[in-house]
Amino acid sequence: MEQKRLFIAIAASLVILLGFEFLVAPHLPHPKAPPPIASTSQSGDMAASGKPMGNMAMASASSASSEPSPTVAIKAPSLDGSISLRGALLDNLVLTDYHETVDPKSPLVQLLSPQNQAQPYYVQYGWAAASGATIGGQPVRLPDSNTLWHASETTLSPGTPLVLTWANGQGLTFAITYAVDDHYMFSVDQQVTNASSQPVSLFPWSRIRREYMPPTSGFYLLHEGPIGVFNGTLHELGYKAIQKDGATHDGVGYSETSDGGWLGFTDKYWATMLIPDQHDDMTGAVRAITANGTDGFQADFTSSQAQTVLPGGSASTTSHAFTGAKVVKLLDHYEAEYHIPSFDKAVDFGIFYFLTKPIFFALDYLYHVLGNFGLAIMAFTFAVKLLFFPLANKSYKSMSKMKLLAPKIKEVRERYKDDPAKQQSEMMGLYRSEKVNPASGCLPMVIQIPVFFCLYKVIFVTIEMRHAPFFGWIHDLSATDPTNIFTLFGLIPWDPTAIAPFLHLGVWPLIMGGTMYLQQKMNPPPPDPAQARLFQLMPIIFTFMLARFPAGLVIYWSWNNLLSVTQQWYIMRRTRLEKPRMIRTERKNAGG
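Residue numbers (the UniProt record's numbering): 1 to 592.
As structure tokens, then:
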């Protein structure tokens with residue numbers, strides 16, 4: 001019975017590794033969307049309440065002029081790009097620290113793209129007027145996507161802000177001031193000056209438009225899509241869910257009013273987020289849109305309270321936009337500096353956040369000490385081994401005694417093979433007399449599972465691990481081992497994965513399988529022949545399964561196995577030496 005428990009524990013770990021993202025994650029609870037914004041008609045009319053209608057604030061960009069737009073350059077240490085003066089769009093942004101592939105000659109990552117490219121992705125700020133607002137009996141003219149703004153500078157850079165201005169011909173002058181830091185945060189100040197003779201009530205708004213269906217990796221382990229924090233709660237939304245819910249709510253897939261928070265789109269390593277003033281009451285929404293005949297998405301914030309601009313007066317609001325790489329320490333810095341709630345959760349550390357993030361910081365610290373993330377993983381594994389050494393030591397000692405007891409256990413099974421109850425009773429008596437716990441052998445595996453899972457998350461989702469090299473042929477610890485035994489490690493020019501994905505088996509997965517086989521040989525075999533045969537297949541199963549995991553994770557597993565084998569060999573050797581002495585002492589005491 002105890003051996004069956006051990007078998008079940010190991011089999012359960014396999015099920016967890018293979019089935020989590022397919023069986024568990026799809027059924028995890030997702031937040032339900034509250035009722036959508038009251039008025040979301042595409043007509044552009046104002047709501048009777050005096051508040052702006054949702055899509056009034058989001059004037060369609062598809063009507064933008066096809067004429068070439070003048071631009072203002074963006075030059076920052078981590079960013080390169082431009083702002084379009086037509087519509088005041090932040091629509092061209094390249095991340096200068098990151099390449100598309102591990103090849104340093106590959107193109108830089110382009111995050112935001114203008115409308116004349118294949119995948120338009122941009123940030124825009126504007127105003128909506130209250131219902132019935134007029135100046136001189138005429139509706140208030142507001143800037144839209146065709147508005148051509150005047151720029152104060154030719155280049156936006158840290159220390160040199162850019163002021164865009166536009167006068168509506170009715171006495172209102174609109175201004176947007178952009179400032180950028182050394183990384184990925186833009187400060188945006190929206191201001192209206194009223195030189196007319198009438199007060200005007202306006203609602204400032206901001207939006208991110210992604211006028212295409214973004215590709216995703218399809219892993220339940222990783223969230224990619226709309227994301228935000230409303231009223232202190234993190235909401236992770238799917239593109240398909242937004243389309244489905246938006247079909248019955250005039251495009252609004254999710255909306256909520258919140259005091260502060262943030263909202264935007266996250267990819268695996270990059271994100272674009274709107275961050276309003278954390279003291280303002282805002283209504284955030286995620287919408288399914290259609291632009292130029294293509295399905296797309298929009299995330300937006302609209303002020304819940306109008307700003308009334310008196311004659312001769314002005315009104316302004318300041319917000320921020322993050323658009324760049326999800327560097328963990330940088331997100332923590334912005335969270336503290338601008339008091340942005342849970343901003344670090346833009347990185348999907350998962351439900352074990354409390355364990356995953358400390359593991360990341362441990363690896364990051366070791367990386368800065370050792371200069372290599374692969375060595376950091378190995379040092380971290382060694383530290384975990386030391387932490388659980390007493391527990392593992394007890395487990396391996398019990399397993400060593402079990403292996404020495406194997407002949408006696410076999411004898412008991414043979415003697416009472418026709419009497420299972422007596423057989424079990426005799427075996428339990430044998431375990432008690434030898435002070436052996438057969439179930440303790442599963443403890444090292446059980447301990448390893450949460451660490452393994454959290455380490456997988458860290459390697460898989462953090463940009464710090466992206467393109468991080470090890471030694472030899474491993475140039476990216478977040479990617480699979482590029483070697484393949486089925487091509488004789490590059491000697492045969494063909495791609496076996498075109499036949500079947502599992503036909504990719506690199507050197508490190510083979511090393512991992514070898515260490516797992518060696519560790520298995522040191523353990524007492526299950527008495528049941530069927531279980532024993534299945535156990536013999538486990539190293540092969542794990543080898544093929546982990547072959548498609550990130551190389552950093554395979555290195556961790558291999559190194560962990562090697563440390564376990566060394567520890568277990570030492571304990572077994574010491575147990576074999578101690579056993580004869582214990583027998584001699586018992587005989588001497590009995591004779592005395």
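Backbone N, C-alpha and C define an ideal beta-carbon position, used for all residues, glycine too.
Legend entry - Between the CA atoms of glutamate 153 and tryptophan 205 - distance to the nearest angstrom: Translated into positions along the sequence shown, residue 205 becomes position 205. Translated into positions along the sequence shown, residue 153 becomes position 153. If I take the Cα positions, the gap works out to 24 Å.
Legend entry - N-terminal and C-terminal residue of the beta strand (DSSP E) that arginine 432 is part of: Counting from 1 along the sequence shown, the entry for residue 432 is found at position 432. Here arginine 432 belongs to no beta strand (DSSP E); instead the alpha helix (DSSP H) covers 420 to 434.
Inset, instruction - Please state whether DSSP places glycine 169 in a helix, a strand or coil. - result: Counted from its first residue, the sequence shown places residue 169 at position 169. In the structure shown, glycine 169 sits in coil (DSSP, three-state: anything other than H, G, I, E or B).
Legend entry - phenylalanine 382, buried or exposed, once every other Cβ within 10 Å from all chains shown has been counted against 16: Here residue 382 refers to the residue found at position 382 when the sequence shown is read from its first residue. Counting Cβ neighbours within 10 Å, phenylalanine 382 comes out exposed, since fewer than 16 surround it.
Inset, instruction - Establish whether the CB of glutamine 191 and some CB of chain B are separated by less than 8 Å. - result: Absence of chain B from the displayed structure is noted, only one protein chain being present.
Legend entry - Minimum C-alpha distance to proline 140 - residue among Val180, Val109 and Ser196: As a working mapping, residue 140 is identified with position 140 in the sequence shown. The sequence shown places valine at residue 140, rather than the proline named in the question. Nearest of Val180, Val109 and Ser196 to valine 140, Cα basis: Ser196.
Inset, instruction - Determine, using beta carbons only, whether phenylalanine 322 and methionine 185 come nearer to each other than 8 Å. - result: Counting from 1 along the sequence shown, the entry for residue 322 is found at position 322. Counting from 1 along the sequence shown, the entry for residue 185 is found at position 185. Their beta carbons are under 8 Å apart, which means phenylalanine 322 touches methionine 185 by this criterion.
Legend entry - Where arginine 573 falls, given that 16 or more other Cβ within 10 Å makes a residue buried: To locate residue 573, count along the sequence shown from 1; it is residue 573. Counting Cβ neighbours within 10 Å, arginine 573 comes out exposed, since fewer than 16 surround it.
Legend entry - Residue burial classification, aspartate 91 (beta-carbon count within 10 angstroms, cutoff 16): Residue mapping note: residue 91 aligns to position 91 of the sequence shown, counting from 1. Buried, since its Cβ has 16 or more Cβ neighbours within 10 Å.
Legend entry - Distance, phenylalanine 265 Cα to phenylalanine 470 Cα: The residue given as residue 470 occupies position 470 in the sequence shown. The residue given as residue 265 occupies position 265 in the sequence shown. When rounded, the distance between both Cα atoms is 31 Å.
Inset, instruction - Check whether the stretch 446 to 462 touches the stretch 538 to 551, counting contact only when three or more Cβ pairs, one atom from each stretch, lie closer than 8 Å. - result: Here the stretch 446 to 462 makes contact with the stretch 538 to 551; the two share three or more CB pairs at distances below 8 Å.
Legend entry - Spatial distance of methionine 46 from serine 131 (CA atoms): Position 46 of the sequence shown, counting from 1, holds the residue named residue 46. Position 131 of the sequence shown, counting from 1, holds the residue named residue 131. The pLDDT assigned to methionine 46 is 32, lower than 50, so where the model puts this residue is not dependable; a value taken from the coordinates is nonetheless given after this. Roughly 5 Å separates the two Cα atoms.
Inset, instruction - Can you give me the Cβ contacts of alanine 379 inside the same chain, cut-off strictly under 7 Å, excluding the 5 residues immediately before and after it? - result: By 1-based counting over the sequence shown, the position of residue 379 is 379. The answer, listed in chain order, is Leu366 and Leu370.
Inset, instruction - Let me know the beta strand (DSSP E) ranges lying completely inside the stretch 143 to 220, each 3 residues or longer, listed in chain order. - result: 162 to 167, 172 to 180, 185 to 194 and 200 to 210
Legend entry - Nonlocal neighbours in the same chain, by C-beta distance under 6 Å from proline 450, ignoring five residues either side: What you label residue 450 is simply residue 450 of the sequence shown in a count that begins at 1. Nothing listed; no residue qualifies.
Inset, instruction - Using three-state DSSP, classify arginine 466 as helix, strand or coil. - result: Position 466 of the sequence shown, counted from the first residue, corresponds to residue 466. Looking at arginine 466 - three-state DSSP - the assignment turns out to be coil, as it is neither helix nor strand.
Inset, instruction - Could you have a look at lysine 75 and say whether DSSP puts it in helix, strand or coil? - result: Along the sequence shown, one-based indexing puts residue 75 at 75. In the structure shown, lysine 75 sits in a strand (DSSP, three-state: E or B).
Inset, instruction - Please say whether phenylalanine 301 and leucine 263 have beta carbons closer to each other than 8 Å? - result: As a position in the sequence shown, residue 263 is number 263, starting the count at 1. As a position in the sequence shown, residue 301 is number 301, starting the count at 1. Yes, the Cβ-Cβ distance between leucine 263 and phenylalanine 301 is below 8 Å.
Inset, instruction - Tell whether a beta-carbon distance below 8 Å holds between threonine 193 and serine 69. - result: As a position in the sequence shown, residue 193 is number 193, starting the count at 1. As a position in the sequence shown, residue 69 is number 69, starting the count at 1. Taking C-beta atoms as the reference points, threonine 193 and serine 69 fail to come closer than 8 Å.
Legend entry - Burial state of tryptophan 270 (16 or more Cβ within 10 Å): Along the sequence shown, one-based indexing puts residue 270 at 270. With 16 or more Cβ atoms within 10 Å of its Cβ, tryptophan 270 is classed as buried.
Legend entry - Extent of the continuous alpha helix (DSSP H) to which alanine 347 belongs: Within the sequence shown, numbered from 1, the residue matching residue 347 stands at position 347. According to the sequence as given, residue 347 is valine; it is not alanine. Element bounds for valine 347: n/a, residue is neither H nor E.
Legend entry - Runs of alpha helix (DSSP H) wholly within the stretch 474 to 525 (minimum 4 residues, chain order): 507 to 522
Legend entry - Where serine 113 falls: helix, strand or coil (DSSP): Position 113 of the sequence shown, counting from 1, holds the residue named residue 113. Serine 113 falls in the strand class under three-state DSSP.
Inset, instruction - Take tyrosine 517 and list the residues in its own chain whose beta-carbon comes closer than 7 Å to its own, dropping the five residues that flank it on each side. - result: Numbered from its first residue, the sequence shown carries residue 517 at position 517. If we look at tyrosine 517 and ignore the five residues flanking it on each side, its Cβ neighbours are Pro539.
Inset, instruction - Report all residues from its chain with a CB closer than 6 Å to the CB of alanine 73; omit the five preceding and five following residues, and keep chain order. - result: Start at 1 with the first residue of the sequence shown, and residue 73 comes out as number 73. Same-chain partners within the cutoff: Ser82 and Thr155.
Legend entry - Cut-off 7 Å between Cβ atoms - residues of its own chain near lysine 422, not counting five sequence neighbours on either side: For this step, residue 422 is matched to residue 422 along the sequence shown. Same-chain partners within the cutoff: Tyr416.
Inset, instruction - Taking all protein chains shown into account, decide if proline 493 is buried (16 or more other Cβ within 10 angstroms of its Cβ) or exposed. - result: Position 493 of the sequence shown, counted from the first residue, corresponds to residue 493. Per the 10 Å Cβ criterion, exposed.
Inset, instruction - Give the secondary structure of aspartate 332 by DSSP, where H, G and I count as helix, E and B as strand, and everything else as coil. - result: Numbered from 1 along the sequence shown, position 332 holds the residue referred to as residue 332. Three-state result, aspartate 332: helix.
Legend entry - 8 Å Cβ cutoff met for leucine 546 and lysine 385: For the purposes of this step, residue 546 is taken as the residue at position 546 of the sequence shown. For the purposes of this step, residue 385 is taken as the residue at position 385 of the sequence shown. For leucine 546 and lysine 385, no; Cβs fall outside 8 Å.
Inset, instruction - Identify whether glycine 126 lies in helix, strand or coil by the three-state DSSP scheme. - result: As a first step, residue 126 is located in the sequence shown; it is residue number 126 there, counting from the start. Strand at glycine 126.
Legend entry - Strand pairing of glycine 264, partner residues [DSSP]: Locating residue 264 in the sequence shown gives position 264, counting from the first residue. Paired residue(s): Ile227 and Met273.
Inset, instruction - Less than 8 Å between the CB atoms is what I'm expecting for threonine 173 and aspartate 189, so what's the real figure, rounded? - result: Along the sequence shown, read from residue 1 onward, the residue named residue 173 stands at position 173. Along the sequence shown, read from residue 1 onward, the residue named residue 189 stands at position 189. The pair is not a contact, with the Cβ atoms about 14 Å apart (cut-off 8 Å).
Inset, instruction - Measure the C-alpha to C-alpha separation of valine 200 and leucine 310 and round it to an integer number of angstroms. - result: As a position in the sequence shown, residue 200 is number 200, starting the count at 1. As a position in the sequence shown, residue 310 is number 310, starting the count at 1. If I take the Cα positions, the gap works out to 7 Å.
Legend entry - 6 Å Cβ shell around proline 29 - same chain, five flanking residues per side excluded: For the purposes of this step, residue 29 is identified with residue 29 of the sequence shown, where counting begins at 1. The pLDDT assigned to proline 29 is 38, lower than 50, so where the model puts this residue is not dependable; a value taken from the coordinates is nonetheless given after this. Result list for proline 29: empty, nothing under 6 Å.
Legend entry - Cβ shell of proline 276 (< 6 Å), same chain only, five flanking positions each side left out: Mapped onto the sequence shown, residue 276 falls at position 276. Excluding positions up to five away in sequence, the list reads Met282, Phe301 and Ser319.
Inset, instruction - Quick one: residues in its chain with C-beta nearer than 6 Å to the C-beta of isoleucine 135, no 5 flanking neighbours on either side, listed in chain order? - result: Taking the first residue of the sequence shown as 1, we reach residue 135 at position 135. Within the same chain, isoleucine 135 has close Cβ partners Gln170, Ser196 and Gln198.
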